[in-house]
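Numbering of the sequence shown is given in my numbering, commencing with residue 6 and proceeding in unit increments. Take a look at the structure set out below.
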Amino acid sequence: MINLYYWPTPNARKVSILFEELKLKYNLIKVDINKGEQFFEKFLKISPNNKIPAIEFEENGKKITLFESGVILLFFAEKYNKFYSNDKLKRFEIIQWLTWQMAGFGPMLGQAHHFNFYAKEKINYAQERYSSEANRLYGVLDNKLKDQEWITGEYSIADIAVYPWTMTPDRQGVELSHFDNVIRWKEQMKKRSAVAKGMSVGQEMRKNNKVLTDDEYSNLFGKNQYKKR
Ligand SMILES: N[C@@H](CCC(=O)N[C@@H](CS)C(=O)NCC(=O)O)C(=O)O
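Next comes the structure, spelled out in structure tokens:
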């Protein structure tokens with residue numbers, strides 16, 4: 006059985022979607038990143054970068070731990086040869102778009118979300134900078150989806166990696182109606198039962214209040230990020 010260290014966020018949902026697609030059995034282990042549980046000694050042994058998602062499982066009698074959502078997707082896509090490709094060039098196209106998500110789409114949208122939504126002090130320059138970048142990246146995705154159903158032709162881990170990041174365009178400063186192909190692709194994704202399940206697992210972990218307390222804010226973005234390690 007796989008232990009999936011989890012908090013319901015876009016990066017973690019990539020992994021739950023893939024596990025649902027692969028029909029794998031997994032334990033969802035709550036790491037409340039608002040409370041600072043990502044700094045617990047036991048978790049840092051699995052995920053030294055203090056971030057979810059991370060996993061641990063046994064293979065051939067050996068304990069394996071992995072962190073970084075993109076790597077977890079690659080590991081299982083390769084292991085089961087699903088949502089991947091036997092063709093080398095196609096495989097690298099999938100890895101390329103996965104890397105695009107990991108290195109660009111995710112981090113930039115994350116910053117846009119941060120400065121538009123979480124930042125206590127609204128900084129016009131930062132909001133504009135990251136919202137512009139978010140719009141540029143949605144445009145890149147929209148173009149890629151112009152002539153094909155899925156990001157790299159067939160449904161793959163690239164689609165799985167990108168989708169959870171497209172849930173809150175308003176907070177990213179993005180007007181989704183400008184991106185018809187992304188809208189169509191999101192509808193396709195939503196129709197897959199494994200995607201719906203993977204997006205909803207662990208939802209109950211989150212409290213209803215959307216406003217972070219000072220301590221939660223400090224755990225996620227403030228002093229505790231540095232002092233707790
Ligand atoms: N590149 C990492 C990013 C993971 C990440 O940013 N996780 C966030 C939640 S989405 C987290 O654990 N934040 C807690 C913290 O920064 O202390 C991945 O894709 O796995």
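Just so you know, even glycine gets a beta-carbon here, dropped at the ideal spot from N, CA and C.
Item, Value
"DSSP three-state label for Leu217, please.", "coil"
"For ligand 1, list every residue whose C-beta falls under 5 Å from any of its heavy atoms, going in chain order.", "Thr14, Asn16, Ile38, Gln43, Asn55, Lys56, Ile57, Glu73, Ser74"
"Which residue comes first and which comes last in the beta strand (DSSP E) that contains Phe62?", "59 to 64"
"Taking Asp219 as the reference, give the member of Asn39, Ala163, Asn186 with the closest Cα.", "Asn39"
"Using a Cβ-Cβ cut-off of 7 Å (strictly less than) and excluding sequence neighbours within five positions of Ile77, which residues of its own chain qualify?", "Val20, Pro58, Ile60, Leu71"
"Give the DSSP-derived three-state secondary structure of Gly203 in the structure shown.", "helix"
"Taking 8 Å as the cut-off, does the stretch 107 to 116 touch the stretch 154 to 170 (at least 3 CB pairs, one atom from each stretch)?", "yes"
"For Gln208, tell me which candidate among Lys30, Lys28, Ile34 has the shortest Cα-Cα distance.", "Ile34"
"Would you kindly work out how many angstroms separate the C-alpha atoms of Tyr89 and Ser161, rounded to a whole number?", "6 Å"
"Look at the alpha carbon of Lys196 and the alpha carbon of Arg189, and state the distance between them as a whole number of angstroms.", "11 Å"
"Let me know if Thr53 comes out buried or exposed under the rule of 16 or more other beta-carbons within 10 Å of its beta-carbon.", "Contrary to the premise, residue 53 reads as Pro rather than Thr in this sequence. Under this definition Pro53 is an exposed residue."
"Excluding the 5 residues preceding and the 5 following Leu27 in the sequence, name in chain order all residues of the same chain whose CB lies nearer than 7 Å to its CB.", "Phe81, Tyr85, Lys87"
"Could you check which residue in Ala139, Leu9, Gln177, Phe24 has the C-alpha nearest to that of Ser198?", "Phe24"
"For the putative contact between Phe184 and Asp147, defined by C-beta atoms under 8 Å, what is the C-beta separation to the nearest angstrom?", "4 Å"
"For Ala17, does the count of other Cβ atoms within 10 angstroms reach 16, so buried, or fall short, so exposed?", "buried"
"Just to confirm the assignment, what range does the alpha helix (DSSP H) spanning Thr104 have?", "93 to 105"
"Look up Thr171 in the DSSP assignment and say whether it is helix, strand or coil.", "helix"
"Looking at Pro13: is its Cβ nearer than 7 Å to the Cβ of Met210?", "yes"
"Going by C-alpha distance, which of Arg141, Tyr130, Phe122 is nearest Val216?", "Phe122"
"For Tyr135, count neighbouring Cβ atoms within 10 angstroms of its own Cβ and tell me buried if that reaches 16, exposed if not.", "buried"
"Should Lys56 be labelled buried (16 or more other beta-carbon atoms within 10 Å of its own) or exposed?", "buried"
"What are the boundary residues of the alpha helix (DSSP H) that includes Leu114?", "111 to 118"
"Return the Cβ separation of Asn229 and Gly41 in integer angstroms, given the expectation that the two are a contact with Cβ distance under 8 Å.", "6 Å"
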